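Residues 584 to 743 (the numbering used here) make up the sequence shown, in order.
Just below is one structure, and these are the notes that go with it.
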Amino acid sequence: MEERFMKAALSQAKLAAKKGEVPVGAVIVRDGEIIARAYNTRETDKNALCHAEIKAIRKACKKLGGWRLTRCELYVTLEPCPMCAGAIVNSRIVSVYYGASDKKAGAFGTLFDMNTMGLNHKPEIIGGVMEKECAGLLLDFFSELRKRKKAEKIAQKAES
């Protein structure tokens, strides 16, 4: 079951990559059914809040008609950052399944653990779901981005 929903999150991440966004995708599941899908659009929307998790939470709340996502699970390709972890706690999501750990911003165990903060809700955290696929998508994206930037610098030097 975990793989099925993480594959759906990966599909969202691939949509983000096609648009030049960092490839992070998320889905929210309730009673075995996907109720919200989203991917990063920070560059497209020029908005720091447009992380996949935040967008998926917003859609799920709208669909369910309330802010409490108490019977919901989140599947996301990258470990949530502090902002997203806060939204997850506040929305009362029951479980979070993530693919790749985030050494720079992971807020559920890698950089720090939001669940150790004494907050009023602690979601169950399951990391490493389809980790190779999730991490590979991110590695490929940033490798291509570096190549593109290097080519642009070389082209700029040639024009000067």
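In this text, a Cβ means the ideal position worked out from N, Cα and C, and glycines have one as well.
Keep in mind it's a predicted model, so treat the numbers as computed, not measured.
(1) Contact check, F588 vs V612 under 8 Å by CB: the rounded distance?
(2) Which residue from G682, A592, E716, V677 puts its Cα closest to that of K638?
(3) I need the boundaries of the beta strand (DSSP E) containing I708, first residue and last residue.
(4) Residue range of the beta strand (DSSP E) that E616 falls in?
(5) In chain order, what are the residue ranges of uninterrupted alpha helix (DSSP H) at least 4 long that sit wholly in the segment 615–674?
(6) Which class does S743 belong to by DSSP, given the choice of helix, strand or coil?
(7) At what residues does the alpha helix (DSSP H) containing A600 begin and finish?
(8) Is the beta carbon of E636 closer than 8 Å to that of P665?
(9) Can you tell which of N673, Q595, A599, G608 has the C-alpha that lies nearest to the C-alpha of G649?
(10) Tell me, which residues are paired with D696 by DSSP?
In terms of the structure at hand:
(1) About 5 Å separates the beta carbons of F588 and V612, which is inside the 8 Å limit, making them a contact pair.
(2) For the residues G682, A592, E716, V677, the minimum Cα distance to K638 belongs to A592.
(3) For I708, the uninterrupted beta strand (DSSP E) segment begins and ends at 707–709.
(4) Its beta strand (DSSP E) spans residues 616–622.
(5) Counting only runs of 4 or more residues that sit fully inside the segment 615–674, the alpha helix (DSSP H) segments are 625–628, 635–647, 665–674, in chain order.
(6) If DSSP states are grouped into helix, strand and coil, S743 belongs with coil.
(7) Where A600 is concerned, the enclosing alpha helix (DSSP H) stretches over 585–601.
(8) For P665 and E636, no; Cβs fall outside 8 Å.
(9) Closest option to G649, Cα to Cα, is N673.
(10) In the DSSP output, where bridge partners are listed per residue, D696 has F691.
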